[in-house]
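A short worksheet on the structure shown next.
Number of protein chains: 4
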Amino acid sequence: MPSEGGKGSLKPWGGRFAAETDPLVVEYTGSLGTDRRLWRHDIMGSLAHARMLARQGIISPEEADAIVRGLEDIAREIEAGEFPWRTELEDVHMNIEARLIEKIGPSGGKLHTARSRNDQVALDMHLYIREEIDALDQRLKGLQAALFEKARAHTASLLPGYTHLQRAQPVTLAHHLLAYFFMFQRDRERLADARRRTDMMPLGAGALAGTSFPIDPVSVAKELGFGGLYANSMDAVADRDFVVETLFCAALIGVHLSRLGEELVLWAASEFGFVEMDDAYTTGSSIMPQKKNPVVAELLRARASRVFGALVGLLTLLKALPLAYNLDLQEDKPLTFDALDAVKVSLEIATALLETSKFRVDRMRAAAADDYLLATDMADYLASRGAPFREAHLATGKAVALAASRGLPLRALAPAELKTFHPAFDEGVLEILSPEAAVNRRSSPMGTGPGSVKAQLELARRLLHA
Amino acid sequence: MPSEGGKGSLKPWGGRFAAETDPLVVEYTGSLGTDRRLWRHDIMGSLAHARMLARQGIISPEEADAIVRGLEDIAREIEAGEFPWRTELEDVHMNIEARLIEKIGPSGGKLHTARSRNDQVALDMHLYIREEIDALDQRLKGLQAALFEKARAHTASLLPGYTHLQRAQPVTLAHHLLAYFFMFQRDRERLADARRRTDMMPLGAGALAGTSFPIDPVSVAKELGFGGLYANSMDAVADRDFVVETLFCAALIGVHLSRLGEELVLWAASEFGFVEMDDAYTTGSSIMPQKKNPVVAELLRARASRVFGALVGLLTLLKALPLAYNLDLQEDKPLTFDALDAVKVSLEIATALLETSKFRVDRMRAAAADDYLLATDMADYLASRGAPFREAHLATGKAVALAASRGLPLRALAPAELKTFHPAFDEGVLEILSPEAAVNRRSSPMGTGPGSVKAQLELARRLLHA
Amino acid sequence: MPSEGGKGSLKPWGGRFAAETDPLVVEYTGSLGTDRRLWRHDIMGSLAHARMLARQGIISPEEADAIVRGLEDIAREIEAGEFPWRTELEDVHMNIEARLIEKIGPSGGKLHTARSRNDQVALDMHLYIREEIDALDQRLKGLQAALFEKARAHTASLLPGYTHLQRAQPVTLAHHLLAYFFMFQRDRERLADARRRTDMMPLGAGALAGTSFPIDPVSVAKELGFGGLYANSMDAVADRDFVVETLFCAALIGVHLSRLGEELVLWAASEFGFVEMDDAYTTGSSIMPQKKNPVVAELLRARASRVFGALVGLLTLLKALPLAYNLDLQEDKPLTFDALDAVKVSLEIATALLETSKFRVDRMRAAAADDYLLATDMADYLASRGAPFREAHLATGKAVALAASRGLPLRALAPAELKTFHPAFDEGVLEILSPEAAVNRRSSPMGTGPGSVKAQLELARRLLHA
Amino acid sequence: MPSEGGKGSLKPWGGRFAAETDPLVVEYTGSLGTDRRLWRHDIMGSLAHARMLARQGIISPEEADAIVRGLEDIAREIEAGEFPWRTELEDVHMNIEARLIEKIGPSGGKLHTARSRNDQVALDMHLYIREEIDALDQRLKGLQAALFEKARAHTASLLPGYTHLQRAQPVTLAHHLLAYFFMFQRDRERLADARRRTDMMPLGAGALAGTSFPIDPVSVAKELGFGGLYANSMDAVADRDFVVETLFCAALIGVHLSRLGEELVLWAASEFGFVEMDDAYTTGSSIMPQKKNPVVAELLRARASRVFGALVGLLTLLKALPLAYNLDLQEDKPLTFDALDAVKVSLEIATALLETSKFRVDRMRAAAADDYLLATDMADYLASRGAPFREAHLATGKAVALAASRGLPLRALAPAELKTFHPAFDEGVLEILSPEAAVNRRSSPMGTGPGSVKAQLELARRLLHA
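Residue numbers (the numbering used here), protein chains in the order written: chain A, 800 to 1265; chain B, 800 to 1265; chain C, 800 to 1265; chain D, 800 to 1265.
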């Protein structure tokens, strides 16, 4: 009742309270610093709610008009940076409602009819998360496009494929980069699934039990573009599964970025020397003048940690909470906002880093020339001539041991020496000892051979244009 | 080459090594204690691989037959507990292969043609996780059925709905239990999505780069019932996303069970007294003869912790791993097996606990009779008579404060007194002050009113029979 | 070399770079938004470093004087809010150094002699963490004082002690609150240990290998009040153990606060009704006028989650980082600052909440009157008369079952009935069936009896005044 | 009362229960599979408890003798593998007590006088953790000894020190390895602090409130070698801080091992080639005959993940648990046992791996010869001749850029060219461009210079023999 004046009158719940809230409590339990960024979502939801209230005859058309105009006016104020935010009003929702009442008088107090902050904040989070999922998807697609372009340019660039960080078999750089393309594709699919579960409207659940007003939540959901309603009001206000699922998707994106970041850090080391990053994407040292540090790649590797922390924090928050709403749920926001922001910017910068980096195909090719990487091909050679693979492997292993003891490549072994390890060895084996040949032979589906990589690129193109 | 005899000969990779592996290393890096349980999946995969090798002419039909018979024989040995497991053979895969060679001679060594342990272990994990997802789904459905039955029996049982663990508004027990039904429904949908992403076959990826043998992985995938192949071999052997996604689904199931467990612990406390658990589902104290402890509910609450731990462990494991395979990936198994087992048994026992528990509807109804829970209805009463909701809330708040100061229920306030708080208060307000009426009024979609609960039950029935 | 002008000239490492840093990279890798709060620590460290450089003849006394005056001037600017922070200068360290050079000319560039950002930032973190540990200790002591006062006031207030949230045995409120006192005491001891390990100075480690200048780090450590130096420069710049250890201490404080918060939430529920929180420490509902929500207690319970998340984040960040410095370490700050802030304010508000809450001793006493809580005493009665405890427990259990089946207290059982369960039961047992007597009997060390509680209070007083 | 016979009679709490426990509940809530390994600790505690009961006249000397003999007999049975473990008896405690009663008759039932499972299990965990801390300390010391020996052997072996995985400045291998020595030293100190907090006895706390029997817990603590008693019985049974603190120490050990593991994986890669691991500490590939995989180092890197998971699990378990004992606490054991086992064996194998690995000093020296690592020394050269360090850094940076553009070392730049970057450059600078000279110059405390490393070795020796 604004006519009573004073700060207390703005609070939505002062009636039964004799004493003012302690300022430290306002600071501790208030969330304005964090949830202010939900103002657009909050107003969007309130507009739809107000229109529905009028359609259902719960408020008059004139009241609805006033509310709508008031809210639009508030949106302008906020955008212009002129909105008088008041910490003592706890959160973004109450700031906007109190301002509405200031602007249009007591009928502003009708906006909250048939609504509670519990379903209101749930609605805002649904709108926000849905938007963030789309923003993540767009950035993932951007990164995929960068990977695709680089892959397309490097179908003939060879480098060692590694397992256990030991050189294993030669692969093409296209093949290596496409592995990341498909990781990020899974991330996009996972997000699309999370989006479906986010796309449910909680408004109308009230505090926890629904409302006695003749609301029409289906029409509100339609206006806000939701795919459906929650089935149960207690679930609707108590649920943050959609937030934690989105954080999990972000955590896996973080994992993929960290793997890419780690490889770029390795490849930028002198010892590998496979990549040259643009000056604009590296920084120097305050003390060592020669340093050119792959700082962006390092942070791509590091950032996953923050997202893991947020995920753990949110899971822990939800654990063992009784139904329905508890204030613990409010702590979802700082964790979520920080983690999603961290992933979004990481995706952007990963894209730019890739686009501007130059792969040193000479260094890669030189490393791939190490013919120990072709030992599998030697064993396969024997196997294809009838030797059981285990025998072939053992014989080749001995050949490798001999060459290694001499510090020489495999091709330096004499055919006669090879024959001592297995009778099926002959001169033909020398012909297979080129990395290009080895790559070309791996023409099975999924493999690094040209046909397979072409098919992967084709699939990637389709996915990018889906 | 088995003819060389000795322990070393069984190892799949001894050729280039001069020294024996240290026994502590065998223990440290071996995984037999953990991965032994994958024997069925491993044999299933090997059978399909052997048949394909023969179809493609890579091995002869006779060799394939011998391998198939050998593997079937091994399966019988393992089932009968007669298989000679050997720790020094590192893992389940090498135990089975070495045994096969013992049984059918050198041609057993042809099974590993065109295959690596890297894609083999990935295949086994895909088969295992796919099975586990189905097992989780079945148990979730069982728990949903128990919730459905209890809900159906309690559509007229009232209890206080709580927010902030303070009594908020009356709800029906059916409504409260259905909130859990829909949480677990989301879990099932999430698992179904994870299953789609698990249902991709990695076999054929080889060590990391594909193979030079003319394999036909598509036919293997068909035989093993997979929905498709990985697109990229490096991704195929480096990927554990499907495992961590399944663990995440399990973690959210854990969250839901922990919320249910917490509520059951609360409700079993004397102070609530809302539930009486069966003797068979509680235990006593070693010292306090009167105790009947809700131990099952406590562990339902606790178990989520282990799953969170496994999830964190696996995410951390994957962070910053370069491509393609690294032995770190082997540590996925103890974490995963333990967590999924913990969730499966928790779902079973939660079902049994619910089925055997008796809800004390008298105690619940008595608690719901507290008419402060109807303050919202009083405010709505004013609002529906034209008062802005904020005014109505404030006036009702003052009425509550007055009644509380007297230690009396709201219905003990005189209409005249009420009028001093708001002119729209009249005798009519007294008629709304029954919890049954309040529940009945909440007839909006999602609400606790009978129509909404009936619709929820109908939806639940459909989902159970889908 | 400032004479060159332009933005680039301010950067500490531009020499070998041809291109400007991309603005997105500046945003992504810069840390000014976060580390700005370390300005006092940074200046404190620089002052000590500059003085040492002069003492060792590495710079002239005049240069040192100019640097000191410049830094003091900068401190004044920052305090007054007049410092021109520049995001493009990456971090707090470079902002201050660049400003120093602006103020005092090229000799400002001598401050960084024999120092690297790597040891500089490590130093700042040590100074900051040391301070935070002290701040946490002070707040813990404040909370302990509040617990002590409440305990002192409630040595005769009885309530049920719970295990498994079932009433177990009567205890005094003093005893219950003192359990928390001693938890927080362990936190203080743990922090004191962490402080010892924080109290080591890294300055002088340079980038990673020490320096060729004739520095005297021992005198710097003395000036900054450090207990000692790191032994090894690579360890000194790569180490964040002291940060993660402090976060762990904070996480355990969070656990203790969450347990206290949970109990206060329970006790504030109508069903318990053991505590009445001050209006100033609760808030209402936007929709339910009767609600008085224990929001502070809920957030005390929730906040631990954020600290767990930060701890996980930091551990994950450090995992598998090669020596010595990597930019990943920079991400320690947002996690640490947020978590420590969250715990500090939680401690403050927990103190205020306790001080202003009223315990409802009437409700507690009524709950403690439930004489099933004395079943242990009945069994002990038998045991003290020679029955093996197991027999005594079984006989008492049967007595409880009989009384429960009648819905009556234990004292309503006739002595003759009791005798049927065990011959050693006689009228004497009725005398023990008062909660006060039961509490008084528990006079063993640690117990809830008056002597033990008095000793605990005495110990608590000593610890508070230590 | 054993005379009643039947399975139920063995249960310590059957009196008030009408129905048998469901077998699934026995499996779900029982902990025998896990806590069986605490049998020694359990018997040790029971022996001390029984002797005290007799000393205090609570049981007779004859009863105590029988109990002691019975327990000693049980210990022999367990050691011999002849103990009849019964899952239906829930846990190790009840198995031992039931067996005692079988052996010595009803007086065995007197052992549990003045004791509850709550303080009993707490006691066992204290005894176990204390032992594990000692076991960890011993293994840490072993690893430190290996580092010390390798360091002592490599005081003159140069390699590049890295920051951001870019070559930064030359260091000695001794210096690099000693960084790890001091990390593990902090771990030992941290464990020693945790041990002090573990070394408090909870026995005597009873279920939660102490006991009415005239016990003497101080004498029990003395017999069991504890440093003191808990002050408060509720805290004593509810506390698992000492477990989680030990897990945290283990997590940091895990971090340090993971950093070492990562470096060894890097150094074993062909691109670095700094280390040659013994055949006995590597394994091969099932498909690639040339592979020699650093599997031990990989698992050292990976294992931290499991410990992080356990730590998160345990923290989450404890969060928001009300006082005093809750069954959730039982879940501490699988997490703790697994994590501590994982760290213990990792420490052992890390020691063996280090001892058997050969550092390739030739490869290290060759990498250190890259004279860009001496750019800091060039800048210091200018600074020591009066140039502000910032000027010196900038000038050197330009020199590096010029050399890099030519693909030449710094020493290939002509003095005249250098002079164009800064007038203070002269021929003298060429003399400093050797890695040995650079290392020797870093003679400041903590640095990589010989004097500092000698002092570090001396300190390390003292710490090893402390």
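Just so you know, even glycine gets a beta-carbon here, dropped at the ideal spot from N, CA and C. The structure presented is a predicted model; accordingly, all values stated were derived computationally and were not measured.
With respect to chain D, the C-beta atom of R966 (chain A) has a partner C-beta closer than 9 Å.
Around the beta carbon of G1060 (chain D), 16 or more other beta carbons lie within 10 angstroms, which makes this residue buried. For Y1124 (chain B), the CB contacts under 8 Å within the same chain, skipping 5 residues up- and downstream, are N917, A1006, L1007, V1036, A1037 in chain order.
When DSSP reads this structure, T1082 (chain A) sits in a beta bridge with A:N1092. One Cα belongs to Y1080 (chain C), the other to P1249 (chain C), and the distance between them is close to 32 Å. CA-to-CA, the gap between A1223 (chain D) and A1198 (chain D) works out to about 13 Å.
Using a CB distance cut-off of 9 Å, D1137 (chain A) counts as an interface residue toward chain C. Going by beta carbons, G1108 (chain B) and L1110 (chain D) fall inside the 9 Å limit. Under DSSP, G1027 (chain D) takes part in a beta bridge, and its partners are D:M999. Within the same chain, Cβ atoms closer than 8 Å to the Cβ of L1153 (chain D) are found at L942, A945, L946, K949, the five residues on either side in sequence being excluded. A Cβ of chain B is located within less than 9 Å of the beta carbon of P1088 (chain D).
Only residues of its own chain outside the window of five on either side were considered, and among them A847 have a CB closer than 6 Å to the CB of L1023 (chain D), listed in chain order. Below 8 Å, enough C-beta pairs join the segment 1167-1180 of chain D and the segment 1208-1217 of chain D to call them touching: three or more.
In the DSSP annotation of this structure, R966 (chain D) is not part of any alpha helix (DSSP H); the continuous beta strand (DSSP E) holding it starts and ends at 965-971.
Around the beta carbon of D1040 (chain A), a 10 Å sphere encloses 16 or more other beta carbons of the protein chains shown; the residue is thus reported as buried.
Look at the segment 1152-1177 of chain C: the residues with a C-beta under 8 Å from a C-beta of chain B are A1166, D1169, Y1171, L1172, A1174, T1175, M1177.
Burial check for G1112 (chain C): the Cβ neighbour count within 10 Å reaches 16 or more, so the residue is buried. With a cutoff of 9 Å on beta-carbon distance, V891 (chain D) and W838 (chain D) are scored as near each other.
In the structure shown, Y1171 (chain C) adopts helical secondary structure according to DSSP, grouped into three states.
Annotated as proximal: L939 (chain B) and F983 (chain B), with beta-carbon spacing under 9 Å.
Within the DSSP secondary-structure output, V1074 (chain D) pairs in a beta bridge with D:F1158.
Residue pairing by DSSP puts T962 (chain B) in a beta bridge opposite B:Q965.
Near chain A, meaning a CB-to-CB distance below 8 Å, the residues of the segment 1200-1218 of chain B are A1200, A1203. Not a single CB atom of chain A sits nearer than 9 Å to the CB of S1018 (chain C). For the segment 814-830 of chain C, the beta-carbon criterion of a distance under 8 Å to any beta-carbon of chain A is satisfied by G814, R815, F816, A817, A818, E819, T820, D821, L823, V824, E826, Y827, T828.
Contact annotation: L1232 (chain A) and S1156 (chain A) have beta-carbon atoms that are not nearer than 9 Å. Annotation for M924 (chain A): the continuous alpha helix (DSSP H) segment containing it runs 916-952. Taking C-beta atoms as the reference points, L899 (chain A) and L870 (chain A) count as a pair closer than 9 Å. Assigned with DSSP and collapsed to three states, L1209 (chain D) falls in helix. L910 (chain C) carries a coil assignment under DSSP once its states are collapsed to helix, strand and coil.
Annotation for A879 (chain B): no residue places its beta carbon closer than 6 Å to its own, counting only its chain and skipping 5 residues before and after. In this structure, B:G1053 is the residue among B:T962, B:G1053, B:M1177 with its C-alpha nearest to the C-alpha of L1114 (chain A).
Note that the C-beta distance between T962 (chain B) and T1247 (chain B) is not below 9 Å.
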